[in-house]
Every structure is written in structure tokens, then in C-alpha cells.
Amino acid sequence: MSMCVVDRAFESLSLSQAELPNDPTYQVWLPGQGCPVERCGVPRINVLCDMKRHWREKHEEIVAKYLCPACSYVSKRKSNLTYHYRMRHGSLEAGSSVVCPENVEYHFNREYIDPYPLTLEVVLGRKRPLDKERP
Ligand SMILES: [Zn+2]
Ligand SMILES: [Zn+2]
């Protein structure tokens, strides 16, 4: 009896693993390939983190701007602001952040390219592509 239960558990485990992300059938982008969004046309993106950054900058409608609380420096990237602050205005106390809600502005992304029907999750193979038809 108990063997049977274990077998079944194992079976469903391996089934769900087969459906896991990196199934190449659903992966529409791999490192070194261009951006899969048709109208985008970026010919080559080498690594995953570049892809995520590219996606944030081009395929998300709203972008955040991070403002330095001590000068007029503005960055699209939180990490850049933190780096800037450290270099320019001295180190931060451990665990504190220059980025607090007052220092973030949200803007419509002027470079936005609608990635429909793709999403970042689809591009990274974490979800299956949507049906092609728009609702
Ligand atoms: Zn793109
Ligand atoms: Zn500054």
C-alpha cells in the first residue's frame, strides 16, 4: 500500500518537473539570441540579467526614476542610485537605503514597445505563450 503512494508521489513529481520552466518548447529566448518582441529588433542579448534589464526598459509601460536625495542625479536603476550615492555622498549605514518612496517617480516609458503577446515570464520560459488572438 505505502509503496504505491510513494510511487504515485514520485510520478506526479516527475510530471511536474517535465512541465517546469526551461522546457525548450516554450522558451522563446535563449542567451545570445535577439529580443523576441517583433517590433523591438534588438539583435542580440547575451545574458539573462541583460534580458531582464532590457525588458524593464523597453517592454514595461511604466518606468521608475530614482532621484538622489542629495543632488540632481536621476537614474532608471535603483542599483545605480545606490552606487552613485556611495561614491558621491559617502557610504550608507548598513541596511539603510537611499531609495525611499519620496525618491522614486513613475513615468510613462517613452521607449515602450508593446511586447504582446509575450511577457517576460514567457520569454524566460516560465509560462506558456498566450493565445495569439487579442481579447
Ligand atoms: Zn525588446
Ligand atoms: Zn547625488
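Residue numbers for the sequence shown follow the UniProt record's numbering, beginning at 1 and rising by one.
Positions of the beta carbon are idealized from the N, C-alpha and C atoms, including for glycine.
Quiz item: Among the residues of its own chain, which have a CB less than 6 Å from the CB of residue 75, if the five just before and after it don't count?
Solution: Working through the sequence shown from its first residue, we reach residue 75 at position 75. Contacts found: 66, 81.
- Any heavy atom of ligand 3 closer than 8 Å to the CB of residue 115? Only ligand 1 and ligand 2 can be found as ligands here, which leaves ligand 3 out of the picture.
When the distance is taken between beta carbons, is residue 124 closer than 9 Å to residue 59? As a working mapping, residue 59 is identified with position 59 in the sequence shown. As a working mapping, residue 124 is identified with position 124 in the sequence shown. Contact flag unset, no.
### Query
Apart from the five residues just before and just after residue 103, which ones in its own chain have a Cβ nearer than 8 Å to its Cβ?
Stepping through the sequence shown from its first residue, residue 103 is reached at position 103. Hits under 8 Å: 66, 67, 68, 69, 81.
Hey, would you say residue 42 sits closer than 9 Å to residue 115, going by beta carbons?
In the sequence shown, counting from the first residue as 1, residue 42 sits at position 42. In the sequence shown, counting from the first residue as 1, residue 115 sits at position 115. The beta carbons of residue 42 and residue 115 sit no closer together than 9 Å.
key: Whole-angstrom distance between residue 107 and residue 89, CA atom to CA atom   = Along the sequence shown, one-based indexing puts residue 89 at 89. Along the sequence shown, one-based indexing puts residue 107 at 107. Looking at the backbone, the Cα of residue 89 and that of residue 107 are separated by about 26 Å.
Rounded separation between residue 52 and residue 120 - CA only
Reading the sequence shown from its first residue, position 52 is the one you call residue 52. Reading the sequence shown from its first residue, position 120 is the one you call residue 120. Rounded to whole angstroms, residue 52 to residue 120 spans 8 Å at the Cα level.
Heavy atoms of ligand 1 versus C-beta positions, residues under 6 Å
Residues flagged by the Cβ proximity filter: 35, 37, 40, 42, 54, 58, 59.
### Query
Based on the DSSP secondary-structure assignment, which residues constitute the bridge partners of residue 64?
In the sequence shown, counting from the first residue as 1, residue 64 sits at position 64. Beta-bridge analysis with DSSP links residue 64 to 106.
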